[in-house]
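J.:
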DNA sequence: TCCTTTTATGCGGCTATCATCATAACAACG
DNA sequence: CGTTGTTATGATGATAGCCGCATAAAAGGA
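Protein chains in written order, with our numbering: chain A, 11 to 116; chain B, 11 to 116.
Put into structure tokens, the structure is as follows:
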């Protein structure tokens, strides 16, 4: 059994990935570094919202930033999210295949 | 870029794991099958709350149940959560090691 | 059939978090 | 130093989700 503290850490981390807004930002940055203006264009979210989400992701070590003059260039900084999503995707696929099987055999 | 629908699926899945209550139930069931009464004893949550969380986890395919007369025996039904937690734990460890390194070199 | 035991669900209070607006902080340039 | 352009943050309304209480539903026994 993991300690309550560790479970808390897990839940905090997964909560970060439980919002499409943040996942979207992560995926966009995975395509290549961008500043906030670029992320606004790509996602349609407000500037303040994006900035806030980036702050959260940064504190978790999932993105990092680098100032270029007045702009701040953000970069995805972890292969972890890709791995997690791949596992989940695999699971979702298996589930759909199972449903398909059931439907076929009925 | 994943489709918005897939991102939505991801976020829904991760949200399931974003609550210590559900993680706790999953970890407990990983130790062995239990009925709701056993889970109440183990976690201290109310019966209604536990029943509801189990329903969510079941719909996601993370637990399954089997009626034994009047009782319902619940079982953890996926190694996925373990894999995900292992990856996250690894990440957390790396981060703490990094902080330790910084502290030592300062 | 009625009663007991166990589980599932409608309802509501409470808290946390999202998402925006307005504004502050920061950096470059004249 | 003032202005402009970019990003971060305080304040706030809206919403979602946790959690328990009360109750319904389901299953077995007298």
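In this text, a Cβ means the ideal position worked out from N, Cα and C, and glycines have one as well.
(1) For residue 31 (chain B), does the three-state DSSP call read helix, strand or coil?
(2) For residue 81 (chain A), I'd like the list of residues in its chain whose CB is within less than 7 Å of its CB, leaving aside the five on either flank, ordered along the chain.
(3) Label residue 101 (chain A) either buried or exposed according to how many other C-beta atoms from any shown protein chain fall within 10 Å of its C-beta, with 16 as the threshold for buried.
(4) Where residue 32 (chain A) and residue 56 (chain A) are concerned, what is the direct C-alpha to C-alpha distance, given to the nearest angstrom?
(5) Name the DSSP beta bridge partners of residue 83 (chain A), please?
(6) Quick check: what's the CA-CA separation for residue 24 (chain B) versus residue 23 (chain A)?
(7) Tell me which residues of the region 60-80 of chain B have at least one Cβ-Cβ distance to chain A shorter than 7 Å, keeping chain order.
(8) Excluding the five sequence neighbours on either side, which residues of its own chain have a C-beta within less than 6 Å of the C-beta of residue 40 (chain B), listed in chain order?
(9) Decide if residue 112 (chain B) is buried, meaning its Cβ has at least 16 other Cβ atoms within 10 Å, or exposed.
(10) What whole-angstrom Cβ distance do residue 36 (chain B) and residue 67 (chain B) have, given they're in contact under 8 Å?
(11) Whose C-alpha, out of B:49, B:43, B:15 and B:42, is nearest the C-alpha of residue 34 (chain A)?
(12) So that I know if they touch, is there some Cβ in chain B lying closer than 8 Å to that of residue 55 (chain A)?
(13) Measuring alpha carbon to alpha carbon, tell me which of A:71, A:50, A:77 and A:43 ends up nearest residue 106 (chain B).
(14) What residues of chain B sit near residue 15 (chain A), judged by a beta carbon separation below 8 Å?
(15) In chain B, which residues lie less than 9 Å from residue 58 (chain A) when you measure between Cβ atoms?
T.: On the basis of the supplied data:
(1) helix
(2) 45
(3) buried
(4) A straight line joining the alpha-carbon of residue 32 (chain A) with that of residue 56 (chain A) spans about 13 Å.
(5) A:76
(6) 9 Å
(7) 71
(8) 86
(9) exposed
(10) 7 Å
(11) B:15
(12) no
(13) A:71
(14) Chain B residues near residue 15 (chain A): none, gap ~10 Å exceeds 8 Å.
(15) None at all; the shortest Cβ gap to chain B is about 21 Å.
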